[in-house]
Every structure is written in structure tokens, then in C-alpha cells.
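Some notes on the structure that comes next.
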Amino acid sequence: MSPREGPSRPKFGRIDPFCLMAVLPVLLVAGILGALIHVGLGIGFAAFAGLIVLFDSWVNRPRPVPAAERPVRAPRPAGPPPARGPARAPARAPRPQEGRGPARAPVRRSGPPPARR
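Taking the working numbering, the leading residue of the sequence shown gets 35, the next gets one more, and so forth.
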């Protein structure tokens with residue numbers, strides 16, 4: 035089977051944000067060259083930046099998944115799924131006291147310690 039058979043592949047994909055790290059400085063140089071030296075030189079650099087973006091978009095186009103590698107879905111069960119209990123205990127349920135020692139009252143302190151002389 036030829037790779038050209040089957041569904042068509044998009045011509046371009048998403049532009050990588052890191053591509054802008056190369057394109058923006060080239061566009062800055064294109065602007066400076068176009069304004070100060072020669073307009074044709076600036077347009078040439080801007081076209082070069084456009085080609086970089088175009089190439090990056092072409093490289094990042096999505097690939098079609100071959101039929102041999104596509105995951106096969108399992109058939110759905112005929113009956114309803116079995117009933118399950120709650121995933122965790124309710125929020126206000128009392129905690130079990132098993133394995134704990136006797137409950138102690140908290141120590142109450144009435145204020146600062148007495149001053150020394």
C-alpha cells in the first residue's frame with residue numbers, strides 16, 4: 035500500500051512558539067535594513083523570516099495514524115455496569131475510635147507565667 039493512499043494529510047500545522055525566537059530578530063533586522071540601507075534588502079529579510087515560519091508550520095503538520103497502529107476498541111458490555119459503593123466515606127461521618135488510647139482533656143493555661151524577682 036502506498037503512503038499516498040488513504041485520507042489526505044493537512045499541508046500545514048501549528049507554529050511552534052520557539053520558532054518566533056528566530057523569526058522576530060530577523061524581522062527586526064529586516065526593519066532596520068529596510069529603513070536605513072535599502073528597502074529591497076529589508077523585504078528580502080522579511081521574506082526569509084516568512085519562509086522560516088512556513089517551514090516550521092510544514093514540519094509540525096499532524097501525521098495520519100497508520101491503520102495497523104490504530105487502537106482497537108473493545109466492544110461495549112451488553113448489560114449495565116455493576117453498582118459500586120461510594121468512593122470514600124461521607125465528610126461528616128464519625129471517625130472510628132478503635133486502636134486509640136483514652137481521650138485526654140486539653141491542657142488549659144490561664145495566662146503568662148508568674149514574674150520572677
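Even glycine gets a Cβ: it sits at the ideal position worked out from N, Cα and C.
On the three-state DSSP scale, how would you describe A108? For this step, residue 108 is matched to residue 74 along the sequence shown. Correct three-state label for A108: coil.
Please state the DSSP three-state secondary structure of V93. The count along the sequence shown starts at 1 and reaches residue 93 at position 59. V93: helix per DSSP, three-state reduction.
Sequence ranges, alpha helix (DSSP H) only - wholly within the segment 49-74, length at least 4: 54-70
Go through its chain and collect everything with a Cβ distance to A69's Cβ below 8 angstroms, but skip five positions before and after it. Position 35 of the sequence shown holds residue 69. Only G76 meet the Cβ criterion.
Burial state of A81, where buried means 16 or more other Cβ atoms lie within 10 Å: Locating residue 81 in the sequence shown gives position 47, counting from the first residue. With fewer than 16 other Cβ atoms within 10 Å, it is exposed.
Within its chain, find whatever has a CB closer than 6 angstroms to the CB of R43; leave out the 5 residues flanking it on each side and keep chain order. For the purposes of this step, residue 43 is taken as the residue at position 9 of the sequence shown. So the qualifying residues of the chain are P98.
Is the separation between the beta-carbon of A64 and that of F79 shorter than 8 angstroms? To locate residue 64, count along the sequence shown from 1; it is residue 30. To locate residue 79, count along the sequence shown from 1; it is residue 45. Contact flag set, yes.
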